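Here is the structure we will look at, set down as structure tokens.
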Amino acid sequence: MINEQLINPKSIVVVGASNDTSKPGGKILKNIIDGEYKGSLYVVNPKESEIQGVSCHNSVEDLPNVDLAILAIAARHCPATVEVLAKQKNTKAFIILSAGFSEESEEGAKLEAQIVDIINSVNGVLIGPNCTGVLTPNHQSIFTYPIPKLDPKGCDFVSGSGATACFIMEAGIPKGLTFGNVISVGNCAQTGVEEVLEYFDKTFDPETSSRVKILYVENVDKPEKLLKHASSLIRKGCKIAAVKSGSSEAGSRAATSHTGAMASPDVAVDALFRKAGIVRCHGREDLINVASVFMYPELVGKNIAIITHAGGPAVMLTDALSNGGLNIPHIEGEMADELLTHLFPGSSVANPIDFLATGTAEQLGIIIDYVDNKIDNIDAMVVIFGTPGLVPLWDVYKVLDEKMKNSKKPIYPVLPSTLTAGAEVDDFLAKGHVNFPDEVALGSTLARVFNTPKPAAEKAKQPQIDEAMVRAIIDSAKDGYLNPDETIGLLDAAGIMRAGQATVYTKEEAVENARKLGFPLVMKVVGPVHKSDVGGVVLNVKTEEQVVAEFERMMQIPETYAILMQSMLSGIELFAGANKDEVFGHMIMAGLGGIFIEVLKDVNSALVPVDKEEAKYMIESLKGYKIIEGVRGQEGANIPHFVETITRLSALLQAAPEIIEMDLNPLLGTPKKVVAVDARICIKK
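Numbering (my numbering), first residue to last: 34 to 718.
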């Protein structure tokens, strides 16, 4: 785990330091010196006596004890160097900049493993190898630029890519974003993004720690650890945003079920982030926009006032906020009329509050005070104020700064004139603010942050099921798709309501069970994977003669060995299913069923375990939720029963981890109940 020697070392050595600042060993030393590191600084290079004004040691054996070692030497020399530092110099923190390890060759991977073993033996921490370094408010141990303003309350930033970290900071610094700890994990040989989050979680101090964490992740190797510590941090009051690259489905395996076909690793990442409460981003600018929103007080309601002297940006912002589910409520009444008397003729206070291009700093202050103290149905304000270059904006931004520091309601500044009023904007940012140059980006980001669910419950409450029966069926079954009787047994053990049905092997059995189930009936082949594609599903069977005729026809379909007979039910076609990922474990997907799942793919996902609150969110955030509720006079489905079905499916998966794919498609929903009409379960022991 990350330790104090890495974050706040009392001494640092750069092994492979150089006078040439175009080399990593030279540049990182320069950055440490320029950052006015307060501890003892050492350098090692057998060819030099002094490097950048620091007396040079010829070998690590000559060093005193040192907390943090930074290695900028060839990969083949690293294990021996680490051995001496760890075992003889009491070094407990290492940053290895060098490449040539697991990212390059099998031999490099062996060197990397050797280094990790040595560092683990002394309970040390390794960042890298193949990384750009670490920035903390205490030391600038990084060989790249830019180096942002480092503030303990700034964003803590963890990146799986050094270059991407640079580019993200390049995007954030001009907007006023500050950073606390910046850690480039490189190959993650010992310490990855998950371990850094664990450190932030275990050392979190509500008084001194940053409450904003941003991540660039290339691989999620330990989803349980990420979920545990990210959700814990968010419950403590932190906010986390992350980019997870590699979102294509190229890595997803072939699957025969609907769930399996849609359950790519990227869908699992979405489910993981949502369960943890992480805002997922899809690019550098997106990450910076979310981080910038995080730096302001949390939006606690949907009602936004737009204060502007420019009509066009206010309209575009209104669209972005409205499209994201936030409100721009009409402002009227006595207070609105009173506010209007303080503004120039032609101004409007209806919301957006437009006080014209001639509006003054004094008027801006009055508007903010009214919205903050006298207009109750507003939860936050966005102030848009730029300039065509006719007059300076010092007085406007001074008022905005003062009001933002004292307002009870959050104020988000949109200052688009970053060139025309560049000096004024820079002065505003220097006072501790973050700017949003683009109002549409702010609007869509603010809505997404507001709509991101809180972390799921730490211990998901699951319904009681007959686990003994589940285990008996699974233990006796063979790998592959279960037969209809085994499938029915699992549904019954889990308490998942199903349609009346029977599996028949002769036409006599078919007629007998038709009489028991009652007409009309549905008949389906047992054996073929995709029944509809081979003509293996017949609806609305109404007579015994039709039962016999269809039985004889369907038994001729290749791979068919039996016929499944069910009572024919009606209702809204819903879907629930599950897939097991080797890394993420079981994931449940739910949405509209039948042909809708293939055409619309309107499904939501969640990682097991899933409780009622998470299941409810899955359903309510579907695009087709209005159909499930009932629309235009049509009856809807029983949503609490749909929720119950999802949670019982979750409990079944926990009791039977051997299930690798499962479809309940369709589930038929009526106002009274949700019933499984067809189910397919595949297991692998």
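Glycine included, each C-beta is placed from N, C-alpha and C at the ideal position.
Keep in mind that this is a model prediction, so the values were computed, not measured.
Residue span of the alpha helix (DSSP H) that contains residue i, given as start and end
i, result
"Q599", "Note, Q599: premise wrong, no alpha helix (DSSP H); beta strand (DSSP E) at A595 to S600."
"H375", "Run containing H375: none; DSSP gives neither H nor E here."
"S55", "No alpha helix (DSSP H) contains S55, which DSSP labels as neither H nor E."
"R586", "E577 to M587"
"L259", "P256 to R268"
"F675", "I672 to A688"
"H504", "The sequence shown places Arg at residue 504, rather than the His named in the question. Start and end: E500 to S509."
"I321", "R317 to F327"
"P517", "P517 to A527"
"F461", "G455 to A463"
"F629", "I628 to V632"
"A26", "The structure shown has nothing for residue 26, since the chain only spans 34 to 718."
Beta-carbon contacts of residue i that lie in its chain and below 7 Å, excluding the five residues immediately before and after
i, result
"F306", "A275 and R313"
"S380", "L373, D387, F388 and L389"
"P42", "G72, D100, L101, A126 and H172"
"G476", "L350, A353, L354 and G357"
"P251", "Before going on, a small fix: residue 251 reads as Glu here, not Pro. The answer, listed in chain order, is G193, S194, S278 and G279."
"S654", "N637"
Nearest candidate by alpha-carbon position, reference residue i, set the options
i, options, result
"A102", "E662, G58 and A689", "G58"
"Y514", "T680, F469 and K717", "K717"
"A489", "L701, G310, D67 and D189", "G310"
"V707", "G666, A688, G626 and R713", "G626"
"Q21", "M598, D508 and K575", "With the chain running from 34 to 718 in the structure shown, residue 21 is simply not present."
"Y445", "A456, E472 and T451", "E472"
"G270", "G279, T241, T124 and V250", "T241"
"K774", "K261, K235 and V429", "Residue 774 cannot be examined here, being either before or after the span of the chain that is shown, 34 to 718."
"A582", "E69, V571 and I679", "V571"
"A222", "D370, P517, A119 and G193", "G193"
"T391", "H342, D428 and I364", "H342"
"K705", "A712, E662 and L686", "E662"
"I175", "Q667, F233, G657 and T54", "T54"
"K235", "G476, M34, A505 and L686", "M34"
"M530", "V537, Y650, I692 and I521", "I521"
"K549", "V537, Q38 and V558", "V537"
Neighbour-count burial assignment, residue i, 16 or more Cβ in a 10 Å radius
i, result
"Q589", "exposed"
"P449", "buried"
"F127", "buried"
"N91", "exposed"
"P346", "buried"
"V416", "buried"
"N322", "buried"
"K441", "exposed"
"L452", "exposed"
"A287", "Here the model assigns A287 a pLDDT of 38, short of 50, so the residue's position is not dependable and the matter cannot be decided."
"E395", "exposed"
6 Å CB neighbourhood of residue i in its chain, flanking five on each side removed
i, result
"G225", "V218"
"H466", "G209"
"G334", "D412"
"G293", "At G293 the pLDDT is 44, less than 50, meaning the model places this residue with poor confidence; the figure from the coordinates comes in the next sentence. Closer than 6 Å at the Cβ level, and outside the excluded window around G293, lie N612 and E694."
"E116", "I151"
"T211", "K182, D184 and G187"
"H375", "I399"
"A50", "G58, L62, V76, N78 and I84"
"V215", "L168 and F190"
Contacting residues, own chain, Cβ-Cβ under 8 Å from residue i (five flanking each side not counted)
i, result
"R109", "G133 and L144"
"H291", "A caution first: H291 carries a pLDDT of 44, below 50, which makes its placement in the model too unreliable to give a value."
"N52", "G59, E81, I84 and Q85"
"C164", "I128, I129, L130, G195, S217, V218, G219 and N220"
"N484", "G357 and G358"
C-beta atoms of residue i and residue j nearer than 9 Å
i, j, result
"K645", "K492", "no"
"L248", "I273", "yes"
"E457", "L423", "no"
"G672", "I652", "Sequence check: residue 672 is Ile here, not Gly. Yes, Cβ-Cβ distance for I672 and I652 is below 9 Å."
"G568", "M587", "yes"
"A689", "V503", "yes"
"V558", "I506", "no"
"I605", "A532", "no"
"F461", "Y430", "yes"
Terminal residues of the beta strand (DSSP E) in which residue i lies
i, result
"L640", "V636 to L640"
"L159", "V158 to I160"
"I538", "Looking at the sequence itself, residue 538 is Tyr, so the reference to Ile does not match. Segment: none, Y538 is in no beta strand (DSSP E) and carries neither H nor E."
"T485", "It is not in any beta strand (DSSP E) - T485 carries neither H nor E in the DSSP assignment."
"C89", "V87 to H90"
Test: residue i CB closer than 9 Å to a CB of chain E
i, result
"P112", "Included in the structure is just one protein chain, with no chain E present."
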